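S.K.: Chains as they are written, first to last, in numbering that gives the first Met the number 0: chain U, 0 to 417; chain S, 0 to 66. Sharing a structure below in structure tokens format, with a few things to ask.
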Amino acid sequence: MAVAQPVVVAVVTEKQGRRNKEERRVKRIKKAKIRRAPSRSLMALSATALALPGIATADSPPTQSTVSYKYSNYQEDDVSRREAPFGERERYEIDVNQFRLLMPTGRNTSFQLDAIRESMSGASPWFTTADSAGNPLVNLSGASGIRDQRSEVALTGSYYLENGTVSANVGYSEEDDYRSRYIGLSGQRNFNREMTTVAVGLSYADDDIFPTDAELFNRVVSENKDVSSAYISISQIINQTTIFQTALSITEQSGYLSDPYKLLDVRPDDKTQIGWSNAFRHFFIDADAALHVNYRYYHDDFGISSHTLDASWYQNVGRDWQVVPHIRYYSQSAADFYTSIDDFTKPIEQFQSSDYRLSAFGAISGGINLIGRFNDWTLTLSTDRYIANEKYSAYNVNEPGAGLVSFFRVSLGIDYSF
Amino acid sequence: MKPVFLLFFLILAGCTQVQSFERGRLAQPEMAWQPDALEATLNDHIFFSKEASSGGSSAAGGGCGCN
């Protein structure tokens, strides 16, 4: 769902004011479009159009259409020999194709189409056992591994009012063993001379799970879960170069929440989750760069709490380029029923899971992105190296997770405004 | 919770009124909440499937068999 964006207009100096008049006359003749991400002087000129009375004070659809495509390759590190002395060690590789089209469709409306197609292959943890010293060992799923494709499509419509925006979205995702249908509704309103924006949203998803080779491996044949979620956020302009946002979300999941591909995995049939996110943006004029800092606190009734802290530095280089180093720190506690070694002697009704994603661990990730903006085109190259380790955890680690993941991701994106 | 509310009031008290024509810096793409929307969606999806946490700044979106 889109998050609140302040309504903005560029400053106009006296010198530019005179240039503006001539430029606007030329523009009217040529019917030139307002650029979405142009050079700074051109943006100041184009933004004066937005300063005209009646336009500046209303929420309005984007002035241009944009089509975006991003290709990503995601590769997990092999499981270490120490954790998997026998058999398969190769994990997941995923190719992701993302497509987005955003178009104004009238004075007050716009729509957005999203499509995702991803292919995944490889193996994932099936069950854990103990070695002679009692350390957990990971056994990956079968020699043939998994080969799956996922397709997702979503449509969002927005209606722009005097002091706010209302949006609705609907989506569908399908893969060999999973299907999800979801809807959402959100709205935002500006206050305090557009210095403050409050946004609220609701969403609902209905998911069906039908694991492959269900009878062969004694898995559940067909299950269902539904997810309801709500959020509220407040964004505030602090000064000409600083903005801050705080948001709270609550999610309720109910139905089949276990992992059907794990040999032994029994989880409660409902889960309540809360997330509290904070975002800070500051522009350093002398450095010609922007700093992004985000922090999120999460808690759920499986017993998991987490902290997420990330920072990015958007450094402008010349007229057309941006270099963006970024870093992220994540740490979570373990679920109440997490066990690093599957216990097949426990009664089947008792909750337990050796899924490393429910263990206490920390993760550090980072990379550098390169962005180039040329007239109507934007090219982005982004990278991310992620390493999870129980040693990075800010929480107590009673049982280190078996099969913590590390990965490398590279993406190439292209945007065109028209 | 009291220190949290105090912090928010201090932040609001520190806000200077910024006229619409003074918001040029805030309009620059690098000052957006999510300058690259597809990247943000991709990261949300990857971290959602490799970690236990989700949500925060928006309601839950679509599902996948990945978590």
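Note that beta-carbon positions come from the ideal geometry of N, C-alpha and C, so glycine has one too. What you are looking at is a predicted structure, and each value in this text was computed from that prediction instead of being measured.
For the segment 349-364 of chain U, which residues have a CB atom closer than 8 Å to at least one CB atom of chain S, in sequence order?
M.R.: If the cut-off is 8 Å between Cβ atoms, the segment 349-364 of chain U has ARG356, LEU357 and ALA362 near chain S.
S.K.: Within 7 Å of any Cβ in chain U, is that where the Cβ of ALA51 of chain S sits?
M.R.: yes
S.K.: Could you have a look at ILE33 of chain U and say whether DSSP puts it in helix, strand or coil?
M.R.: For ILE33 of chain U, the pLDDT reaches just 44, beneath the cut-off of 50, and the residue's location in the model is therefore unreliable, leaving the point undetermined.
S.K.: Measure the Cβ-Cβ separation of SER339 of chain U and ALA401 of chain U and say whether it is below 7 Å.
M.R.: yes
S.K.: Cβ closer than 7 Å: which chain U residues qualify as neighbours of LEU5 of chain S?
M.R.: By Cβ distance, chain U contributes nothing, its closest Cβ being about 14 Å from LEU5 of chain S, past 7 Å.
S.K.: Pull out every residue of the segment 228-254 of chain U whose Cβ sits closer than 7 Å to any Cβ of chain S, in chain order.
M.R.: SER228, ALA229, TYR230, SER232, GLN235, ILE236, ILE237, ASN238, GLN239, THR240, ILE242, PHE243, GLN244, ALA246, SER248 and THR250
S.K.: Do three or more CB pairs link the segment 90-102 of chain U to the segment 128-136 of chain U at distances below 8 Å?
M.R.: no
S.K.: Could you spell out the range, first to last residue, of the beta strand (DSSP E) harbouring GLY200 of chain U?
M.R.: Run containing GLY200 of chain U: 195-208, per the beta strand (DSSP E) assignment.
S.K.: Nearest-angstrom Cα distance between ILE33 of chain U and ASN374 of chain U?
M.R.: Because the pLDDT at ILE33 of chain U is just 44, under 50, the model does not fix this residue reliably, and the point stays unresolved.
S.K.: How is GLY105 of chain U classed by DSSP in three states: helix, strand or coil?
M.R.: coil
S.K.: Buried or exposed: where does ILE367 of chain U fall if 16 or more other Cβ atoms within 10 Å of its Cβ makes it buried?
M.R.: Flag for ILE367 of chain U reads exposed.
S.K.: With distance defined between alpha-carbon atoms, name the residue in U:ASN223, U:VAL199 and U:PHE216 nearest to PHE209 of chain U.
M.R.: U:ASN223
S.K.: Under 9 Å, CB to CB, which of the residues in the segment 22-44 of chain S have a partner in chain U?
M.R.: ARG22, GLY23, ARG24, LEU25, ALA26, GLN27, PRO28, GLU29, MET30, ALA31, TRP32, GLN33, PRO34, ASP35, ALA36, LEU37, GLU38, THR40, LEU41, ASN42 and HIS44
S.K.: Using the beta-carbon of each residue, which ones in chain S are nearer than 8 Å to ARG318 of chain U?
M.R.: The premise fails here: ARG318 of chain U is roughly 13 Å from chain S at the closest Cβ pair, so nothing lies under 8 Å.
S.K.: Does DSSP classify GLY62 of chain S as helix, strand or coil?
M.R.: coil
S.K.: Using a C-beta cutoff of 7 Å, does ALA310 of chain U count as contacting chain S?
M.R.: no
S.K.: So TYR385 of chain U and ALA362 of chain U are in contact, right, with Cβ under 8 Å, and what is the actual spacing, rounded?
M.R.: 6 Å
S.K.: Using only the alpha-carbon positions, how far apart do SER391 of chain U and TYR328 of chain U sit?
M.R.: With the sequence shown as reference, residue 391 of chain U is identified as Tyr, and Ser is not the correct amino acid for it. Taking the straight line joining both Cα atoms gives about 9 Å.
S.K.: Scan the segment 146-172 of chain U for residues whose Cβ lies nearer than 9 Å to a Cβ of chain S and list them as they occur along the chain.
M.R.: ASP147, ARG149, GLU151, ALA153, ASN168, GLY170, TYR171 and SER172
S.K.: Along the beta strand (DSSP E) that carries GLU87 of chain U, what are the first and last residues, could you check?
M.R.: Neither: GLU87 of chain U is in no beta strand (DSSP E) and is coded neither H nor E.
S.K.: Given that VAL396 of chain U touches chain S, what residues does it touch there, using C-beta distances under 7 Å?
M.R.: Going along chain S, no residue has its Cβ under 7 Å from VAL396 of chain U, so there is no contact; the nearest lies around 14 Å.
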